[in-house]
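Undergrad: Residue numbers (the numbering used here), protein chains in the order written: chain E, 1129 to 1311; chain F, 3 to 159.
Got a structure here, written out as C-alpha cells. Questions coming.
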C-alpha cells in the first residue's frame, strides 16, 4: 500500500510529462481543423460556370461522371496564397491522369476571369461559388483549400493552405499514391 | 483625472460593445423566438477560423455565413438538433463547443470521476493505516504482556 501511494504521483507525473513531450515534439498543428469529409462521398453541389470562361461549371454529378482521380481546389482572386500556389497547379495540369477542378470562392466574376487569364487556367471545370455555400458544404475554413477525390468520388485527402514547396511535394506524393491504386 | 477616467470607461464600453455585437442587424430574424434559438445555437458553435470564439461573436466571413445558414435552417423548420447535425456533417464534432460522448471522448468525460475514485481509494487506504483505533489495538497487545509481567512481579513482592 505504501509503495502504491508513493508511486502514484510519480506515475501520474510521468504520464502528464509524456503528453507534454508529445505536444512539443510532434509536428502536429492543433489549430488545423480535421476534415469531416475524409472517406465520404463528395457533398451535393451544383455550380454554374464563370461567365466568359470556356471551362464548364461543376456539380457532384459531373465530378462522379469523370471517373478519374481528381483534385478540387478552392481559390479566389482576392486570396494571396492562392496566387502563390497557382503555379503548382499549372505544373500539375500537364498530367492527364488527373482531373483538376476549380471552385471560385466568393469572388467577383470579372476579377476571377482576369486572374485566370493572367496566371493561366489549369482547371478543366470551374464552378462559381459566389455565395460561399458550396464552400460550407465542403467544410472549408478559408481559401486556398484542396481536396483529393478518388475515382469513386470519395474524398481521400484535404489540404488547407497554399500548396507550395514541401507542402506541394507532400500533396503530390499522396496524389501519385492514389493514382497507383488504380494501375 | 476625472476626464481620463471617463475616457477610459467610454473607450472600453465601445470596444466591448463592438466585440459583443458580431451578429449584424441584417442577420436578425423578425421572429424573436427563432432569433433567440439561433443565438442559442450560435453561441455553441465554434468559429472555424478564430477557433476559440463562438460564431455568435466572431467577425470572420465564414462565421457570418454560418450564422445566416443557421437562421435559414430554422426558418425552414429544422429543430436545434437538426441544425447541429447539419453543421457536424460538414465540419465534424470539432465545430461543437460541447463534445458529444463518443468512444474517443470517453476519457475526457469520465476522467474527473476516475481521478476522484482513485483519490478516495488512496485516502481510504491512508486513513485506515493512520487510524488511532488500529494503533491503540497494537499498542495494547504488545503492552499487555509487559503489564502482565509487571503485575506478576508486584504480586510476588
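Note that the Cβ used here is the ideal one computed from N, Cα and C, for glycine as well.
1. Counting only runs that start and end within the stretch 1217-1268 of chain E, where is the alpha helix (DSSP H) found for 4 or more residues in a row?
2. Spell out whether any CB of chain E is found under 8 Å from the CB atom of residue 73 of chain F.
3. Measuring only the C-alpha atoms, how far is residue 1236 of chain E from residue 1262 of chain E?
4. Using the rule of at least 16 other Cβ atoms within 10 Å of the residue's Cβ for burial, across every protein chain shown, is residue 1159 of chain E buried or exposed?
5. Mind checking whether residue 1276 of chain E and residue 1303 of chain E have CB atoms under 8 Å apart?
6. State buried or exposed for residue 119 of chain F, treating a residue as buried only when at least 16 other CB atoms are found within 10 Å of its CB.
7. Any chance you could list the beta strand (DSSP E) runs of at least 3 consecutive residues sitting entirely within the stretch 1268-1310 of chain E, in chain order?
8. Quick one: list the residues of chain F neighbouring residue 1269 of chain E, beta-carbon separation under 7 Å, in chain order.
9. In the DSSP assignment, the alpha helix (DSSP H) including residue 1149 of chain E goes from what residue to what residue?
10. Classify residue 1249 of chain E as buried or exposed, calling it buried when 16 or more other Cβ atoms lie within 10 Å of its own Cβ.
11. With H, G and I counted as helix, E and B as strand and the rest as coil, what does DSSP make of residue 1201 of chain E?
12. Using 10 angstroms around the beta-carbon of residue 157 of chain F, count the other beta-carbons present and answer buried if the total reaches 16, otherwise exposed.
13. Please state whether DSSP places residue 75 of chain F in a helix, a strand or coil.
14. Hey, how far is the Cα of residue 146 of chain F from the Cα of residue 113 of chain F?
15. Quick one, which of E:1182, E:1226 and E:1210 has its alpha-carbon nearest residue 1287 of chain E's?
16. Quick one: measure Cβ to Cβ for residue 1312 of chain E and residue 1161 of chain E, integer angstroms, because I've assumed they're closer than 8 Å.
17. Between which residues of its own chain and residue 70 of chain F is the CB-CB distance below 7 Å, once the five residues before and five after are set aside?
18. Less than 8 Å between CB atoms is the rule here; does residue 57 of chain F satisfy it with respect to chain E?
19. Please look up how many angstroms separate the CB atoms of residue 1230 of chain E and residue 1165 of chain E, rounded, as I've assumed it's under 8 Å.
20. Consult DSSP for residue 110 of chain F and reduce its assignment to one of helix, strand or coil.
21. Would you report the Cα separation of residue 78 of chain F and residue 60 of chain F, rounded to the nearest angstrom?
22. Exposed or buried, residue 63 of chain F, counting other C-beta atoms within 10 Å across all chains shown (16 or more means buried)?
23. What are the start and end residues of the alpha helix (DSSP H) that includes residue 90 of chain F?
24. Does residue 1085 of chain E get closer than 8 Å to chain F when you measure Cβ to Cβ?
25. Pull up the distance between the alpha-carbon of residue 1192 of chain E and that of residue 1280 of chain E, whole angstroms please.
26. Hey, is residue 1277 of chain E's beta-carbon within less than 8 Å of any beta-carbon in chain F?
27. Following the continuous alpha helix (DSSP H) through residue 33 of chain F, name the residue where it begins and the one where it ends.
28. So with Cβ pairs under 8 Å, would you call residue 43 of chain F a contact of chain E?
29. Report, in whole angstroms, the separation of the C-beta atoms of residue 1241 of chain E and residue 1180 of chain E, which I expect to be a contact under 8 Å.
30. For chain F, is any of its Cβ atoms less than 8 Å away from the one on residue 1144 of chain E?
31. Would you say residue 1133 of chain E reaches chain F, if we count a Cβ-Cβ gap shorter than 8 Å as a contact?
32. Give me, in chain order, the residues of the same chain whose beta-carbon lies closer than 6 Å to that of residue 1201 of chain E; leave out the 5 immediate sequence neighbours on both sides.
33. Does residue 1183 of chain E get closer than 8 Å to chain F when you measure Cβ to Cβ?
TA: The short version:
1. Unbroken alpha helix (DSSP H) stretches of 4 residues or longer found wholly inside the stretch 1217-1268 of chain E: 1237-1247 and 1261-1265, given in chain order.
2. Taking CB atoms only, residue 73 of chain F has no neighbour in chain E less than 8 Å away.
3. Here the C-alpha atom of residue 1236 of chain E lies approximately 16 Å from the C-alpha atom of residue 1262 of chain E.
4. Of the residues assessed, residue 1159 of chain E falls on the exposed side of the cut-off, its CB having fewer than 16 other CB atoms within 10 angstroms.
5. Contact flag set, yes.
6. Result: exposed.
7. Within the stretch 1268-1310 of chain E, the complete beta strand (DSSP E) runs of at least 3 residues are 1273-1277 and 1283-1288.
8. Among the residues of chain F, those whose CB is under 7 Å from the CB of residue 1269 of chain E are 50, 51 and 64, following chain order.
9. That run of the alpha helix (DSSP H) goes 1130-1153.
10. The residue in question, residue 1249 of chain E, is buried, as its Cβ has 16 or more Cβ neighbours within 10 Å.
11. In the structure shown, residue 1201 of chain E sits in a strand (DSSP, three-state: E or B).
12. Exposed, because fewer than 16 other Cβ atoms sit within 10 Å of the Cβ of residue 157 of chain F.
13. Here residue 75 of chain F sits in helix by DSSP.
14. One alpha carbon belongs to residue 146 of chain F, the other to residue 113 of chain F, and they sit about 49 Å apart.
15. Restricting attention to E:1182, E:1226 and E:1210, the CA atom closest to the CA of residue 1287 of chain E is found in E:1210.
16. With chain E covering 1129 to 1311 only, the question about residue 1312 of chain E has no answer from this structure.
17. Excluding sequence neighbours, residue 70 of chain F sits near 29.
18. For residue 57 of chain F, the answer is no, since every Cβ of chain E falls outside 8 Å of its Cβ.
19. With a Cβ gap of about 18 Å, residue 1230 of chain E and residue 1165 of chain E do not count as contacting.
20. Note: residue 110 of chain F maps to helix in three-state DSSP.
21. For residue 78 of chain F and residue 60 of chain F, the distance between alpha carbons rounds to 24 Å.
22. Exposure of residue 63 of chain F is indicated by the presence of fewer than 16 other C-beta atoms within 10 angstroms of its C-beta.
23. First-last of the alpha helix (DSSP H) with residue 90 of chain F: 82-93.
24. In the structure as shown, chain E starts at 1129 and stops at 1311, and residue 1085 of chain E therefore has no counterpart that could be examined.
25. Taking the straight line joining both Cα atoms gives about 7 Å.
26. Residue 1277 of chain E does not count as touching chain F.
27. Here residue 33 of chain F belongs to no alpha helix (DSSP H), and DSSP marks it neither H nor E.
28. Residue 43 of chain F does not count as touching chain E.
29. Under the criterion of beta carbons closer than 8 Å, residue 1241 of chain E and residue 1180 of chain E qualify as touching, at roughly 5 Å.
30. Not a single CB atom of chain F sits nearer than 8 Å to the CB of residue 1144 of chain E.
31. Closer than 8 Å to some Cβ of chain F, the Cβ of residue 1133 of chain E qualifies, so yes.
32. The beta carbon of residue 1201 of chain E sits closer than 6 Å to those of 1230 and 1274, all from its chain and outside the five residues before and after it, given in chain order.
33. Residue 1183 of chain E does not count as touching chain F.
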